Amino acid sequence: MSTTTATREQWSGPLGFILAAAGSAVGLGNIWKFPYIVGENGGGAFVIVYLLCIAVIGAPVMMCEFALGRHTQRNPVGAFKALSPKSSILAHLVGLGVLLSGIFLLLFRCWGWGALLIGLGLLIIRHGWVLVGVMGVVAGFTILAFYSVVAGWTLGYVWKAISGQLAFTEVAAAKTHFGHFIQNPAWALGCHFTFMLLCVLIVYRGITAGIERWSKILMPLLVLIILALIIRSLTLPNAMVGVRFYLTPDFSKINTDSVLIALGQAFFSLSLGMGAMMTYGSYLDRKANLFTSTLSVVGLDTLIALIAGLAIFPAVFAQGFNPDAGPGLVFQVLPTVFNQIPLGAFWAFLFFVLLLIAALTSGISLLEVATAYFVDERGWPRRRAVVVVGGAIFILGSLCAISVSDWARLEWIHTGLVQIFGTTKASFFDTIDNLSSNWFLPLGGLFISLFTGWIWGTKYALDEIRHGSSNFGDVHLISLIAGLKDDPSHNASVHVVTLASLWGIFIRFISPVAVLIAFLHTIGWLG
Ligand code: PHE
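Going by our numbering, the first residue of the sequence shown is number -1, and it counts up by one from there.
This is the structure we're talking about:
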């Protein structure tokens, strides 16, 4: 049984939708990850590469997701079900390829991987494109599992800032403190649980009363906090050294790896490739302008990522700390930095609240993908779906939380995995992170653009985008840019270059090829 479209909730207006989608996009990826990868990968030069990835691949794919979602008014699985042809040669070819690789691996006695690929190949041949939607729902589980663990740490640090436990004089002490914190079962699991509970409570209330309402409160708050932090950071003595470190382009650091990192980060940061944007798009009505919505979401996400660096690096440099602390930067270096400026505990508190808000609005979108699946496809009541899905993610996330500590209690799972798949010594946390970020998202993005470009067809997708956005498909691009779109002689009835024609080319050729190359490179089959 599935609920009918008539009873499906919708956003109350474009602002609510844009804030919710921007809330999904702006997350730990922007504030925790983006600044340190920019710092490590050539500063301003990396930013240019990242912006290119966003413009050429990120934004076009986001439009596909919005269009697919709004057209079908369904979760990712339902969306692909509704639009998939009875049989697709492309899907059969991919399935056959995977099946043959599985058989090949069995010949080499890689039993685990062989069996996995054979099973997967058969599934692809049987279910075709619908599996892309399934992968999205699965990614919702796996991403939120580790995401919520890190978000839990930020929650713990909010508390620590309030109770004055972050007054470190040296980074080494902050490091030890962080280590003890994440290895303490009560703290790690308690914070992870509380964060999941917050997500569940919001998604439980539904689209307008839950997700939209909270996005409208939390997103403006997030912007205010980040602005306050930037002002504080930039007015510290020596702040400009930090700005220079962050943004001075160093093109010698740009290589294939940094391009891949930029592309992967673009997908993760824009919440693309797993149907989060598709699901949010499915609660839209036909009046919304998908093109300007995409621009707003992409613009906000990129802006906040860029300025997060401005809040962090000047402070780090002003206090004479080492910026290459990588992932540990925010939990280890920053508390120590804050401790040295007046009212440090307050600034630390604000910073961790910022991270928490960013994580929360992303967490709810991840939870909503799987929830929407159970509501649309299985006919579950929303409340049951949220609680069951949230509970399952809590359990999976607990395994991640446990695996980064040294309890060694999950050793049996790990030994099992090593025996079956011959994997490396990565923790469960890293494995889940790697699987989601490096496999599910790029593959999802690849298939979403292939599907829109070649299976559903750019023409039908454009018909959908046209509702609410006629400039996109009907105005000559040059006339549009020149402001002459309303002049009849500049807007002939036969259009050659419109925004839509550029988008079509990106979707059919450029995005799939770029993502495929990036993907093959990441998994080590190229270069
Ligand atoms: N975009 C979020 C971030 O930057 C993460 C995310 C990925 C959220 C995929 C939803 C879907 O942190």
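Even glycine gets a Cβ: it sits at the ideal position worked out from N, Cα and C.
From a predicted model like this one, the values you see are computed outputs, not experimental measurements.
Quiz item: Which residue from 348, 437, 169 and 387 puts its Cα closest to that of residue 198?
Solution: With distances taken between Cα atoms, residue 198 lies closest to 387.
Quiz item: In chain order, what residues of the same chain have a beta carbon less than 8 Å from the beta carbon of residue 121, not counting five sequence neighbours either side?
Solution: These residues qualify, in order along the chain: 93 and 129.
Quiz item: Taking contact to mean at least 3 C-beta pairs separated by less than 8 Å, is the stretch 353 to 364 in contact with the stretch 151 to 164?
Solution: Segments in contact, yes.
Exercise. Just confirm the distance between the C-beta atoms of residue 337 and residue 166, as a whole number of angstroms; I'd bet it's less than 8 Å.
Key: That belief holds up - the Cβ atoms of residue 337 and residue 166 are roughly 6 Å apart, short of 8 Å.
Quiz item: Tell me the DSSP bridge mates of residue 474?
Solution: Answer is 496, bridged to residue 474.
Quiz item: Is residue 141 near ligand 1, in the sense that its beta carbon is under 7 Å from a heavy atom of that ligand?
Solution: It does: the Cβ of residue 141 is within 7 Å (strictly closer) of some heavy atom of ligand 1.
Exercise. Go ahead and label residue 60 buried or exposed: buried means 16 or more other beta carbons lie within 10 angstroms of its beta carbon, across all protein chains shown.
Key: Classification for residue 60: buried.
Quiz item: Buried or exposed: where does residue 467 fall if 16 or more other Cβ atoms within 10 Å of its Cβ makes it buried?
Solution: The Cβ neighbour count for residue 467, taken over all protein chains shown within 10 Å, is at least 16; the residue is labelled buried.
Quiz item: Does DSSP put residue 503 in a helix, in a strand, or in coil?
Solution: The three-state secondary structure of residue 503, taken from DSSP, is helix.
Quiz item: Where residue 17 and residue 161 are concerned, what is the direct C-alpha to C-alpha distance, given to the nearest angstrom?
Solution: If you take the alpha carbons of residue 17 and residue 161, they lie about 32 Å apart.
Quiz prompt | Cα-Cα separation between residue 66 and residue 271, rounded to whole angstroms | solution = Answer to the nearest angstrom: the Cα atoms are 12 Å apart.
Quiz prompt | Option nearest residue 43 by Cα separation, candidates 186, 181, 106 and 242 | solution = Taking only the C-alpha atoms, the option nearest residue 43 is 242.
Self-check item: Which listed residue (330, 310 and 240) has its alpha carbon closest to that of residue 223
Solution: Of the listed residues, the one whose Cα sits closest to residue 223 is 310.
Practice problem: Under the assumption that residue 213 contacts residue 21 (Cβ atoms under 8 Å), give the Cβ distance between them as a whole number of angstroms. | Solution: Indeed they touch by this definition, with Cβ atoms about 4 Å apart.
Quiz prompt | Other residues of its chain near residue 4: CB distance less than 7 Å, five sequence neighbours each side excluded | solution = For residue 4, the predicted model reports a pLDDT of 48, less than 50, meaning its position is unreliable; a value from the coordinates is still stated below. Sequence-distant Cβ neighbours of residue 4 in its own chain, meaning closer than 7 Å and more than five residues away, do not exist here.
Quiz item: Is residue 512 near ligand 1, with its Cβ less than 7 Å from a heavy atom?
Solution: Taking the Cβ of residue 512 as the reference point, every heavy atom of ligand 1 lies at 7 Å or farther away.
Practice problem: Take residue 204 as the anchor and find which of 508, 462 and 382 has the nearest alpha-carbon. | Solution: Of the candidates 508, 462 and 382, the one whose C-alpha sits nearest the C-alpha of residue 204 is 382.
Quiz prompt | Pick from 63, 438, 29 and 507 that is closest to residue 281, judged by C-alpha positions | solution = Distance check between residue 281 and each of 63, 438, 29 and 507 places 63 closest, using alpha-carbon atoms only.
Practice problem: Go ahead and pull the three-state DSSP assignment for residue 272. | Solution: Reduced to three states, the DSSP call for residue 272 is coil.
Quiz item: Excluding five sequence neighbours on each side, which residues of the same chain lie with their C-beta closer than 7 Å to the C-beta of residue 276?
Solution: Cβ neighbours of residue 276 within its own chain (closer than 7 Å, five residues either side excluded): 63, 66, 67, 74 and 77.
Quiz item: Among the residues of its own chain, which have a CB less than 7 Å from the CB of residue 471, if the five just before and after it don't count?
Solution: Closer than 7 Å at the Cβ level, and outside the excluded window around residue 471, lie 460, 463, 464, 496 and 498.
Exercise. Please confirm whether any heavy atom of ligand 1 lies closer than 7 Å to the CB of residue 580.
Key: With the chain covering -1 to 525 only, the question about residue 580 has no answer from this structure.
Quiz prompt | Distance between beta carbons of residue 210 and residue 14, contact taken as under 8 Å | solution = About 4 Å separates the beta carbon of residue 14 from that of residue 210, a gap short enough to meet the 8 Å contact definition.
Quiz item: Taking the alpha-carbon positions, what's the residue 339 to residue 81 distance?
Solution: Each residue's Cα considered, the two are about 57 Å apart.
Quiz item: If residue 273 sits next to residue 367, beta carbons under 8 Å apart, how far is it from one beta carbon to the other, in whole angstroms?
Solution: Residue 367 and residue 273 do touch by the CB rule: their CB atoms are close to 5 Å apart, below 8 Å.
Exercise. With DSSP collapsed to three states, give me the class of residue 302.
Key: Of the three classes helix, strand and coil, the one that applies to residue 302 here is helix, per DSSP.
Quiz item: Taking just the CA atoms, how far does residue 200 sit from residue 206?
Solution: One C-alpha to the other measures close to 10 Å.
Self-check item: Whole-angstrom distance between residue 133 and residue 1, CA atom to CA atom
Solution: Only weak support is given to the placement of residue 1: the predicted model assigns it a pLDDT of 44, under 50, and the value that follows is read from those uncertain coordinates. So the alpha carbons of these two residues sit roughly 22 Å apart.
Quiz item: Taking only runs of the alpha helix (DSSP H) that begin and end inside the stretch 35 to 111, which ones reach a length of at least 4 residues, in chain order?
Solution: Runs of the alpha helix (DSSP H) spanning 4 or more residues and lying entirely within the stretch 35 to 111 occur at 42 to 51, 57 to 70, 74 to 81 and 87 to 105, in chain order.
Quiz item: With 16 other CB atoms within 10 Å as the buried threshold, where does residue 345 fall?
Solution: So residue 345 counts as buried.
Practice problem: Might you give, ordered along the chain, the residues of its own chain that have their beta carbon closer than 6 Å to the beta carbon of residue 112, omitting 5 neighbours on each side? | Solution: Sequence-distant Cβ neighbours of residue 112 in its own chain, meaning closer than 6 Å and more than five residues away, are 100, 103 and 104.
Self-check item: Candidates 501, 454, 365 and 480: closest to residue 127 by CA position
Solution: The shortest C-alpha separation from residue 127 is found at 454.
Self-check item: Inter-stretch contact (C-beta, 8 Å, three-pair minimum) for the stretch 180 to 192 and the stretch 250 to 269
Solution: As far as the Cβ criterion goes, the stretch 180 to 192 does not touch the stretch 250 to 269, which means the pair count is below three.
Quiz item: With 16 as the cutoff for other CB atoms within 10 Å, does residue -1 come out buried or exposed?
Solution: With a pLDDT of only 40 at residue -1, under 50, the local geometry of the prediction cannot be trusted, and no value is derived from it.
Quiz item: Considering only C-alpha positions, which residue in the set 307, 481, 278 and 432 is nearest to residue 246?
Solution: Out of 307, 481, 278 and 432, 307 has the C-alpha closest to the C-alpha of residue 246.
Quiz prompt | Beta-carbon proximity of residue 347 to residue 159, cut-off 8 Å | solution = Taking 8 Å as the Cβ cut-off, residue 347 and residue 159 qualify as a contacting pair.
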